[in-house]
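Protein chains in written order, with the working numbering: chain F, 1 to 207; chain S, 1 to 259. Note that the Cβ used here is the ideal one computed from N, Cα and C, for glycine as well. Following: one structure in structure tokens, then a few remarks.
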């Protein structure tokens, strides 16, 4: 009887449903291009099959990780930070205080049943996958970080002003499996994206 | 009995050893890092200036704006100096440098109106605190332009800037300004950099190239001087925001020990 229960338990763990999780701002970017390799979102079933072979091993406990891309340079086009228009008849001297949370420089995502902890500011993987990936110190994020920046410019009548952000970053992704008592309890893909440089573009257009 | 005595001795010796080792561990010295930077602003009485430095101890008073009494910008001997009005001290992003985490501290101040351009080749930030502490930090080069000679001459529709290809430091190399309408002949362009600044036109675009200089440069105004003597100022704009500043700026970093 005990053996039957144990077998059923093993089967139920092995058949855990696979679902997709995402919890980062970088996936909302209009475009991300890597200098080589693929983003996690572009991994195919064939890719997963091939990568999972590296993490399917006999392990008593902990994570088994296979890195597919490590610190690969990427460029991105981000969101519009603000948009302002003057529909009046006289030019307006516009002063804008731009407040940005620095935790937005780090984004993570996962597939399969690797979990994410979406805290107040800092995104993290569940069950301490970060330690197993051995992310470099560049990926450190501290507590609540905000930076303010003042912008001042003249907006002519019938003109809209937009501030865009684009830039460069680094991508690390791969697949991982977590074992507990030789049983595979979590499996999926992971990805970490860090922004290294942002360029800002201010554009005025007639409306 | 002998066995028990042996085990007790081992435990006591281990505790003693642990205590001695913990006393021998050097206590962490708070450090402040500052990177040579070219700062340029327009001093019109309403505009803001922002300087940055890095600290590895957020509990130190220099990271707390409540400790600040006066903020001054000037040369080392205070022969040429201006007082600025502190607006805010903020904690920015974290960087790891030589195995330690450093928090970026951003000091923002309101600039006074300046009747003529002021240039400090070796500019210092003089901080005077309520607890009588005084700090004198080498910023780099500071230019504060007067707004008095500004005339509205041109109309721009787009502003963007880039670093030089493969240069990982936070230094502007090229600024692109898209112009609208007729543009009088430009005589010179100044962005407050020591580096040689040149420019050329490509259709509607004005391309400004900034030469090399051993400073960071990421937030500048553009001062356009025309052949007819008029001057147009495009206000400061942060073209680049870098999150890996220290690692790429090695020789330009000054280290201060905080007490």
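Query raised in the report: Where residue 259 of chain S and residue 83 of chain F are concerned, what is the direct C-alpha to C-alpha distance, given to the nearest angstrom?
Result: Cα to Cα, residue 259 of chain S sits roughly 45 Å from residue 83 of chain F.
Report task. Give a yes or no on whether the minimum CB-CB distance between residue 70 of chain S and chain F is below 8 Å. Result -> So no, residue 70 of chain S is outside the interface.
Query raised in the report: Quick check: the segment 215 to 225 of chain S against the segment 184 to 201 of chain S, are there 3 or more CB pairs under 8 Å?
Result: Taking a contact to require three or more Cβ pairs closer than 8 Å, the segment 215 to 225 of chain S and the segment 184 to 201 of chain S qualify as touching.
Query raised in the report: Nearest CA to the CA of residue 180 of chain F: which residue from F:76, F:59, F:154 and F:192?
Result: Among F:76, F:59, F:154 and F:192, the Cα nearest to that of residue 180 of chain F is on F:59.
**Report entry** Any C-beta of chain S under 8 Å from that of residue 69 of chain F
**Finding:** Among the residues facing chain S, residue 69 of chain F is not included, as its CB has no counterpart in that chain under 8 Å away.
Query raised in the report: Can you find a CB in chain S that lies within less than 8 Å of the CB of residue 105 of chain F?
Result: Yes, residue 105 of chain F lies at the interface with chain S (some Cβ there is under 8 Å from its Cβ).
**Report entry** Straight-line gap, residue 22 of chain F to residue 171 of chain F (C-alpha atoms, nearest Å)
**Finding:** Unreliable positioning characterises residue 22 of chain F in this predicted model, as indicated by a pLDDT of 36, which lies under 50. The coordinate reading is nonetheless provided below. Taking the straight line from one Cα to the other gives about 15 Å.
Query raised in the report: In whole angstroms, what is the alpha-carbon distance linking residue 196 of chain F and residue 157 of chain F?
Result: Roughly 37 Å separates the two Cα atoms.
Query raised in the report: Under a Cβ-count criterion, where at least 16 other Cβ atoms within 10 Å of its own Cβ denotes burial, should residue 185 of chain S be classed as buried or exposed?
Result: Burial call: exposed.
Requested in this report: Measuring alpha carbon to alpha carbon, tell me which of F:78, F:192, F:160 and F:65 ends up nearest residue 184 of chain F.
Outcome: Out of F:78, F:192, F:160 and F:65, F:65 has the C-alpha closest to the C-alpha of residue 184 of chain F.
Requested in this report: Tell me, please, whether the CB atom of residue 29 of chain F is closer than 8 Å to any CB atom in chain S?
Outcome: No, because no Cβ of chain S sits closer than 8 Å to the Cβ of residue 29 of chain F.
Report task. With distances taken Cα to Cα, identify the nearest neighbour of residue 153 of chain S among S:227, S:107 and S:249. Result -> Checked all of S:227, S:107 and S:249; the closest Cα to residue 153 of chain S is S:227.
Query raised in the report: Going along chain F, which residues have a C-beta under 7 Å from residue 235 of chain S?
Result: Those within 7 Å of residue 235 of chain S in chain F are 152 and 153.
Query raised in the report: residue 88 of chain S versus chain F: which residues are under 8 Å apart at the beta carbon?
Result: What residue 88 of chain S touches in chain F: 148.
**Report entry** CA-to-CA distance, residue 112 of chain S to residue 118 of chain S, given in whole angstroms
**Finding:** Taking the straight line from one Cα to the other gives about 12 Å.
Query raised in the report: Closest Cβ-Cβ distance between residue 200 of chain F and chain S: below 8 Å?
Result: So yes, residue 200 of chain F belongs to the interface.
Query raised in the report: From what residue to what residue does the beta strand (DSSP E) around residue 258 of chain S run?
Result: Element bounds for residue 258 of chain S: n/a, residue is neither H nor E.
**Report entry** Straight-line gap, residue 104 of chain S to residue 54 of chain S (C-alpha atoms, nearest Å)
**Finding:** Approximately 4 Å, taken between the alpha carbons.
Query raised in the report: Taking Cβ-Cβ distances shorter than 9 Å, what residues in chain S pair up with residue 192 of chain F?
Result: Chain S residues near residue 192 of chain F: none, gap ~14 Å exceeds 9 Å.
Query raised in the report: Leaving out the 5 sequence neighbours to the left and right, which residues in its chain are closer than 6 Å to residue 24 of chain F when beta-carbon positions are compared?
Result: Residue placement at residue 24 of chain F cannot be trusted, given a pLDDT of 42 that sits under 50; what the coordinates show is reported in the next sentence. Excluding sequence neighbours, residue 24 of chain F sits near 107, 108, 109 and 123.
Requested in this report: Measuring only between beta-carbons, confirm whether residue 197 of chain F sits less than 8 Å from chain S.
Outcome: It does: the Cβ of residue 197 of chain F has a partner Cβ on chain S nearer than 8 Å.
Query raised in the report: Taking Cβ positions only, does residue 203 of chain F come closer than 8 Å to chain S?
Result: Output row for residue 203 of chain F: interface = yes.
**Report entry** Counterpart residues of residue 123 of chain S in DSSP-defined beta bridges
**Finding:** BP columns for residue 123 of chain S point to S:140.
Requested in this report: Classify residue 143 of chain F as buried or exposed, calling it buried when 16 or more other Cβ atoms lie within 10 Å of its own Cβ.
Outcome: Its pLDDT being 49, under 50, residue 143 of chain F is placed unreliably in this model, and the coordinates cannot settle the point.
Requested in this report: Grab me the residues of residue 181 of chain S's own chain with a C-beta within less than 8 Å of its C-beta, minus the 5 sequence neighbours each way, in chain order.
Outcome: 154 and 155.
Report task. Round the Cβ separation of residue 130 of chain S and residue 67 of chain S to the nearest angstrom and send it over; I've been treating them as touching at under 8 Å. Result -> The distance from the Cβ of residue 130 of chain S to that of residue 67 of chain S is about 6 Å, consistent with a contact at the 8 Å cut-off.
Query raised in the report: Taking any Cβ of chain F, which residues in the segment 89 to 100 of chain S have a Cβ under 7 Å from it, in chain order?
Result: So the close ones are 90, 91, 92, 93, 94 and 96.
Query raised in the report: Taking DSSP as the reference, what is the three-state secondary structure of residue 144 of chain F?
Result: Residue placement at residue 144 of chain F is poorly supported in this model, since its pLDDT is 49, which falls under 50; the coordinates still yield a value, given next. Residue 144 of chain F sits in coil when the DSSP states are folded into three classes, being neither helix nor strand.
Query raised in the report: Is the CB of residue 158 of chain S under 8 Å away from at least one CB in chain F?
Result: Output row for residue 158 of chain S: interface = yes.
Query raised in the report: Which term fits residue 237 of chain S, buried or exposed, when burial requires 16 or more other beta carbons within 10 angstroms of its beta carbon?
Result: So residue 237 of chain S ends up on the buried side.
Query - Closest residue to residue 149 of chain F among S:167, S:92 and S:178 (Cα-Cα distance) - result: Residue nearest to residue 149 of chain F within the set S:167, S:92 and S:178 is S:92 (criterion: CA-CA distance).
Report task. Please check if any C-beta of chain F sits within less than 8 Å of the C-beta of residue 242 of chain S. Result -> By this cut-off, residue 242 of chain S is an interface position.
Report task. Give the C-beta separation of residue 29 of chain S and residue 257 of chain S to the nearest angstrom, bearing in mind that I take them to be a contact with Cβ-Cβ under 8 Å. Result -> With 8 Å as the limit, residue 29 of chain S and residue 257 of chain S qualify as a contact, their Cβ atoms being about 6 Å apart.
Requested in this report: Note down, in chain order, every chain F residue with its Cβ under 8 Å from the Cβ of residue 125 of chain S.
Outcome: In chain order: nothing, as chain F lies at least about 18 Å away.
Query raised in the report: With a CB to CB cut of under 6 Å and the five nearest residues on each side skipped, what residues in its chain are close to residue 248 of chain S?
Result: So the qualifying residues of the chain are 168 and 169.
Report task. Within 10 angstroms of the Cβ of residue 20 of chain S, are there 16 or more other Cβ atoms? Answer buried if so, exposed if not. Result -> Looking at its Cβ environment, which holds fewer than 16 other Cβ atoms inside 10 Å, residue 20 of chain S is exposed.
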